[in-house]
Structures are given as structure tokens and as C-alpha cells.
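Notes follow once the structure below has been shown.
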Amino acid sequence: MSLNTLILNQGAERRLRAGHVWIYSNEVDNKRTPIKSFQLGEQVLVEASNGKSLGVAYVNPNTLICGRLLCRDTKLRLDRSLLVHRINIALSLREACFDKPCYRLVFGDSDGLPGLVIDRYFDIFVVQISTAGMEAVVDEIISALNKVFTPQAIVLRCDGKMRSTEGLESYIEVAQGEVPELCPFEENGVSLLAPVLTGQKTGWFYDHRNNRAAMQKHVAGKRVLDLFSYVGGWGVQALAAGATEVMCVDASETALDVALENARLNDAEDRFVAVQGDAFDACKALIHDQEKFDVVIVDPPAFIQRRKDIKNGERAYSRINNLAMRLLDRNGVLVSASCSMHLERANLVDIIRANARELDRTAQIFDQGHQGADHPVHPAIPETDYLKSFCVRVLPSS
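Quick note on my numbering: the sequence shown kicks off at 1342 and runs consecutively.
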């Protein structure tokens, strides 16, 4: 199909030539190609101000990031053929890194498919679409998955926050097949269940896989507290690794019910304790009751959603890490994590240092974690490098 052309302002092509794939609305030459003249999700040819081709993008005339580059070859289009090709390339990385088909199959920009996330639970695929350009090819996405795999089911979890910004409605739909209420999968050798239709995001957070594996080395014979536990991603894997007791704290009673099912699945129900409520309040109550734990895991939701939230978000990270340290037994281990892209790694280190000193203790970071291989980092897009995790021994000052 022939495409309309989007022309950039002079010099605006430099980021794209350097590897980035986003086009901002103030980079468009609105005199020659008014951004408002394009349709929502339309594919366009992108040109520099001097007429040199930059590639093919899809556009949204109503958003700050008004275009996302799909390919640099102007003969290509975002269609079933390209989707099959990119999915196969993404699959080759996952198959090289993981021995079981349970992972994030597609991670948006990093896999050359901006606005698309696909999580795989054996032969059940959960698709998240966050942009109008990708929504325009939803049928082709389903067709591509059927070309590459033999899916038991495909779920569309198109209910993320970004959709409203893109002018899209939210919906959850089983596109094909039948999906169990709790979907079985495996991580780090542990059998687990995920609520793919009703849970957060796609039902699970694969990004912390490596960090959970690191945590498992330090929990055998230990009492563990898992804050913001969701469905027990950390806590149940601690049980599987030999923890004597795991207390999971989460605001969602439904999530804790699934965590209990995950504990049962691993024959660890008798070592599992659920506490429903706000994690900050729960910590204060545990401190009041003089409870102590050998390992405390802090993996909260993103306290910093936007740059303007940085100050308040860092305060929240500081408060929860302080409470967690106060619950640690002598020489205990704190696992402190953050999925906030706007929280710099060095700032989380400083939060750990400052709170240890406030409690007259010494922090000793002995393991540092990042997101797993199924969440590859695009070297031109810092936003794709967002996950941080630290294993910290918190020692008495001497």
C-alpha cells in the first residue's frame, strides 16, 4: 500500500539516525505535513527535512510521542509478514535463554514492535496493546501468533493506562481458545499459577525472574517477609527454596488467594501466612509486635510514574526501606527492588545507605539485579532499562 509522508523539522532526524524510534510532535514540519492531517494509527513514510528517507512509522496525531518508527526499509509495512518475522527473531532470543516456554515473548520497542507486549505461559499467549498504531493491526497480531505457534489460547489484555492517552478504549477479551481462571506456568523451576484475565498487567511479572533466583540462594531455613507480594512471585519461590515461613503482605485479598494457591501447588501451604492490607501499615504493626524476619523483600509498584513524582516517590521508597530494615533480624538480608524507570539506580543505593545509617546500621550490597533477557534493553531508549534489585546485608554498626 502507498503511504503518506511525514516530514521532520531540520535536524530532528538525528535521534532516529542514532537508533531511537520515537518521533515527538514538535519535531514534525507542520507547515509541509501537518500532524493533525494524519489518521489515528496510520502508517507513514518518514523523511528528514532534506527529503532523505528515514523509514516507516505509525502515527498518533493527538499525543506527544506522535510517531514510532517501525522499520528503516521503506518497502516494509507493519503487517502479518513483518509481525511473523519480528516474533520469530524475538523467539530465537528467548529460546536461547530459557529452557521452558514461559517468558515475555515480545517487549515492545526492544523487539522492534513498539506498543506491543506478549507474555507466554506455555501455549497460552497474553497480548497487551498500548498504541493506536498497533491496535490497527490486532487481527494481524493474532494471525501471526497462529503462524509461528499453535496456541492453546490467545488473550487480549488491552486495559493498560497508556491506552487512554492514545485515545483507545480498554478491553479484555479471549480472542481464541479457552483460558483457565489460573494459568499454569513455570519460573526458576517452580510451578506457579497466574490470573491472566483478572490480575495485574498480563497476570505475572516475568521481569524479576533472575532476581528471584538470586533471592532463593538466601532463604533456606529462614523466615521471610514479602511486601507487595501480589500472587507470591517472590514469596512462593522462597518457600520452594526452603524458607521455614513466608508472610505475604498485599492490599488485594484476591491476589493473596492466588498466592495461597501457588503455595499449595508447591506443598507449602503450612508455611505460608497471608496479611491483607497496606504494606506500610502492616510493617508498622509488625514492628509494634516486635516481629523479626531473616529476609525482607520490598518490591513495590512504581511509586514514580512521571518525572514530577520523583520527589514524593523517593520519599515513599525511603519510608518502606526504612520499615523493612527495622523488621530485619541481626545480619538479615533486605531485597530492595524498584520498577520505576524514573528512579535512578544510584538513588536507590543512596536510599538504602541513608536508611541503614539512620538506624545506626551498615548496609552491604552483595548482589545487584536487572531485568531478565526477555526484557531486553534498547540501547537508544533509556526507558527500556527500568528494573533494579539489590540484595543487601544489613549489619549492626561496630
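C-beta: ideal position from N, C-alpha, C; glycine also.
From a predicted model like this one, the values you see are computed outputs, not experimental measurements.
- For GLU1383, the closest alpha carbon among the candidates GLU1724, ALA1582, SER1343 is that of SER1343.
- Under the three-state reduction of DSSP output, GLY1673 falls in the strand class.
- The three-state reading of DSSP puts TYR1399 in strand, counting E and B together.
- Three or more beta-carbon pairs separated by less than 8 Å are not found between the stretch 1693-1707 and the stretch 1532-1546, which leaves the two stretches without contact.
- Segment contact: the stretch 1466-1474 against the stretch 1499-1509, three or more CB-CB distances shorter than 8 Å; contact assigned.
- Here CYS1624 is buried: its Cβ has 16 or more other Cβ atoms, across all protein chains shown, within 10 Å.
- In the displayed model, ASN1663 falls within a helix according to three-state DSSP.
- Remark: C-beta atoms of SER1677 and VAL1587 do not approach each other more closely than 8 Å.
- Annotation: the continuous beta strand (DSSP E) that includes VAL1531 extends over 1531-1535.
- In summary, TYR1512 is exposed, with fewer than 16 beta-carbon neighbours lying within 10 Å of its beta-carbon over all protein chains present.
- With distances taken between CA atoms, ILE1692 lies nearest to SER1730 out of SER1730, ILE1722, PHE1613.
- By the CB criterion at 8 Å, VAL1636 and LYS1563 fall inside the cutoff.
- ARG1667 and ALA1561 have their C-alpha atoms roughly 21 Å apart.
- Within the same chain, and ignoring the five residues on either side of LEU1664 in sequence, the residues whose Cβ sits closer than 6 Å to its Cβ are CYS1624.
- Collapsing the DSSP output to three states places LYS1441 in coil.
- Membership of ASP1691 in the alpha helix (DSSP H) is indicated by the continuous run 1686-1699.
- Between the C-alpha atoms of ILE1482 and PHE1439 there is a straight-line separation of about 23 Å.
- For ALA1615, the enclosing beta strand (DSSP E) begins and ends at 1613-1617.
- For the stretch 1432-1505, the full-length alpha helix (DSSP H) segments reaching 4 residues or more read 1473-1476, 1479-1489 along the chain.
- Residues ALA1721 of the same chain have their beta carbon placed closer than 7 Å to that of ALA1359, with the five preceding and five following residues left out of the count.
- Annotation for ARG1435: TYR1444, LEU1446, ASP1715 place their beta carbon closer than 7 Å to its own, counting only its chain and skipping 5 residues before and after.
- LEU1347 and LEU1386 do touch by the CB rule: their CB atoms are close to 7 Å apart, below 8 Å.
- Classified as exposed, ILE1628 has fewer than 16 neighbouring CB atoms from the shown chains inside 10 Å of its CB.
- Across the set VAL1400, LYS1372, ARG1355, GLY1408, the C-alpha of ARG1355 shows the shortest separation from the C-alpha of LYS1393.
- Short of 7 Å from the beta carbon of ASN1552, and not among the five residues preceding or following it, lie these beta carbons of its own chain, in chain order: ALA1678, GLY1710, SER1730.
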